[in-house]
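Residue numbers (my numbering): 405 to 649.
The beta-carbon is built from N, C-alpha and C at its ideal position, and this holds for glycine as well.
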């Protein structure tokens with residue numbers, strides 16, 4: 405119990421300290437832009453591939469079931485609700501956690517075991533301000549942006565399968581999808597993605613800054629970061645969905 409409370413305290417302190425640096429404008433914008441490219445832009449191809457094929461297979465499976473009821477026209481509606489409300493943001497969070505979260509933990513962990521973190525403290529430089537805040541801000545911005553692309557490519561993948569293999573009229577699919585999704589759904593999807601981004605960067609930074617035992621510790625911190633962030637994403641997704649809808 406003491407260890408759990410200590411971990412919760414570390415997380416809360418890291419988040420509060422990071423937010424204070426961001427609110428006061430004491431974050432290096434050049435480092436933030438660099439992290440946005442590394443953590444966000446370079447994750448885009450993987451997000452597009454996974455979301456596109458997820459939308460395609462979802463459309464294929466749903467069409468098979470709906471065809472027996474003569475309700476193939478509902479494919480667009482079901483796919484839009486599933487992608488926008490759940491799959492788009494969750495898939496984006498998992499992809500970024502696997503790619504960017506592991507990179508954050510490995511990079512900070514390597515700096516910790518090679519005493520670069522201690523060198524920053526000796527130079528009166530806050531590791532949170534210099535290392536954590538740019539990554540925090542980058543994930544907070546880029547994960548929702550990636551979720552937008554995930555929603556679009558997932559819908560397009562489902563559209564391709566519905567039209568080419570099921571025989572749905574494109575206009576029917578389009579109208580069904582548009583009418584089923586509201587502005588509220590879109591904003592809630594972005595809000596969930598922002599929460600997932602915070603989870604990813606906090607898990608990566610906590611594990612990285614607490615790394616020890618040399619190279620073995622870096623590997624363990626990286627694994628722990630990915631596992632803990634993915635579990636937290638799925639757990640928080642349930643409570644966020646229950647709260648929003």
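DSSP places residue 551 inside the alpha helix (DSSP H), whose first and last residues are 537–565. In the DSSP assignment, residue 618 falls within the alpha helix (DSSP H) that extends over 618–648.
The C-beta of residue 531 has 16 or more other C-beta atoms within 10 Å across all chains shown, which makes the residue buried. Only residues of its own chain outside the window of five on either side were considered, and among them 510, 513, 514, 517 and 615 have a CB closer than 7 Å to the CB of residue 622, listed in chain order. The C-beta separation of residue 558 from residue 480 comes to about 12 Å, leaving the pair out of contact by the 8 Å criterion.
With a 10 Å radius around the Cβ and a threshold of 16 neighbouring Cβ atoms, residue 596 comes out buried. For the pair residue 428 and residue 570, the Cα-to-Cα distance works out to about 54 Å. 8 Å or more divides the Cβ of residue 423 from the Cβ of residue 553.
Between the region 603–610 and the region 565–581 there are fewer than three C-beta pairs closer than 8 Å, too few to call the two in contact. For residue 506, the closest of 647, 619, 628 and 636 by C-alpha to C-alpha distance is 628. Taking a C-beta distance under 8 Å as the contact criterion, residue 436 and residue 542 qualify as a contact pair.
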